[in-house]
């Protein structure tokens, strides 16, 4: 019996530019990727959601501040509240923070320069639905490309929220506590600045990002089976 | 509305501006860069206008985690 291809929705905002890479990577890893236009108030049923990278609404005001009010974001919040898995990458991470689905906020890089390079990140939480294929403490090589990725944590942010950290000496943007990715308390919403969708094949420089996306595909598949029962 | 980074929040733009001013010989410290948002509001009173603008700041224009805001109103018939 062939495995079910879970449906993973990839949001598309005006200014998103990594949506196609995300869809390509998710498809290659066994999902059926479904684009969801930001203006859709009632998007199709999906088993998982990815908010891709880019510059939604031109990053005007603050990154993600305008995108969070897109009609489709209400459905994303409802999906997350129902236990659905939501992954935000780069601009998607910024949107999830602005929407209050993740703690903290992303600010301009401390260097004020756009950074675009491979970084090593350490898996701090291997027990989330997005990291089941990773080992605790595993180092992943995944590229970053952003101008505003300096993570500012709320003062009381506990360590359990830290899913990924930049490896020692690799912090590209001045993020507090070297935080590269955070997960919500329930463990079903995760955001990270590095781009796993750009690192799903050694031909692209690294295949490590596939561990993250394939974990999400696994989780979405389980959800699709659970809902079908 | 004047929106600016809260005290204690890293403000690399403010630091860059401060460094540049110092290079020009100005003795300055603690430079912060914020943004100004001008807009027109239809309201029957200053109080009503202020309440409306406060709601805008809370919902969209400022992120309370990192930014504070000030509101200046100018009445016009």
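Residue numbers (my numbering), protein chains in the order written: chain H, 34 to 262; chain D, -16 to 60. Backbone N, C-alpha and C fix where the C-beta goes; we use that ideal spot for every residue, glycine too.
Where do the ends of the alpha helix (DSSP H) carrying residue 250 of chain H lie? Residue 250 of chain H sits at position 217 when you count from the first residue of the first chain. Unbroken alpha helix (DSSP H) run through residue 250 of chain H: 242 to 261.
Helix, strand or coil: how does DSSP classify residue 54 of chain H here? Locating residue 54 of chain H in the first chain gives position 21, where the first residue counts as 1. Here residue 54 of chain H sits in helix by DSSP.
With residue 45 of chain H as the anchor, note down where its beta strand (DSSP E) starts and where it stops. By one-based count along the first chain, residue 45 of chain H stands at place 12. Run containing residue 45 of chain H: 40 to 45, per the beta strand (DSSP E) assignment.
Excluding the 5 residues flanking residue 94 of chain H on each side, which residues of the same chain have their C-beta closer than 7 Å to its C-beta? Along the first chain, read from residue 1 onward, the residue named residue 94 of chain H stands at position 61. Correct list: empty, nothing qualifies.
Got a sec? Which residues, its chain only, sit under 6 Å from residue 73 of chain H by beta carbon, not counting five neighbours each side? The residue given as residue 73 of chain H occupies position 40 in the first chain. Closer than 6 Å at the Cβ level, and outside the excluded window around residue 73 of chain H, lie 105.
Tell me whether residue 112 of chain H sits in a helix, a strand or coil according to DSSP, three-state version. Taking the first residue of the first chain as position 1, residue 112 of chain H is located at position 79. Helix.
Residue 184 of chain H: buried (16+ other C-beta within 10 angstroms of its C-beta) or exposed? Within the first chain, the letter at position 151 stands for residue 184 of chain H. Flag for residue 184 of chain H reads buried.
Do you know offhand how far residue 49 of chain D's Cα is from residue 21 of chain D's? Here residue 49 of chain D is taken as the residue at index 66 of the second chain, counted from 1. Here residue 21 of chain D is taken as the residue at index 38 of the second chain, counted from 1. Taking the straight line joining both Cα atoms gives about 21 Å.
On a Cα-Cα basis, can you pick out the residue from H:142, H:120, H:138 and H:175 that is closest to residue 205 of chain H? Within the first chain, the letter at position 172 stands for residue 205 of chain H. Taking only the C-alpha atoms, the option nearest residue 205 of chain H is H:142.
Please check if any C-beta of chain H sits within less than 8 Å of the C-beta of residue -8 of chain D. Along the second chain, read from residue 1 onward, the residue named residue -8 of chain D stands at position 9. By this cut-off, residue -8 of chain D is an interface position.
What I want to know is whether the C-beta of residue 43 of chain D ends up closer than 7 Å to one or more non-hydrogen atoms of the ligand MG. Here there are no bound small molecules, and the ligand MG is not part of this structure.
Identify whether residue 170 of chain H lies in helix, strand or coil by the three-state DSSP scheme. If you number the first chain from 1, residue 170 of chain H lands on position 137. Of the three classes helix, strand and coil, the one that applies to residue 170 of chain H here is coil, per DSSP.
Between residue 95 of chain H and chain D, is any beta-carbon pair separated by less than 8 Å? As a first step, residue 95 of chain H is located in the first chain; it is residue number 62 there, counting from the start. Closer than 8 Å: yes.
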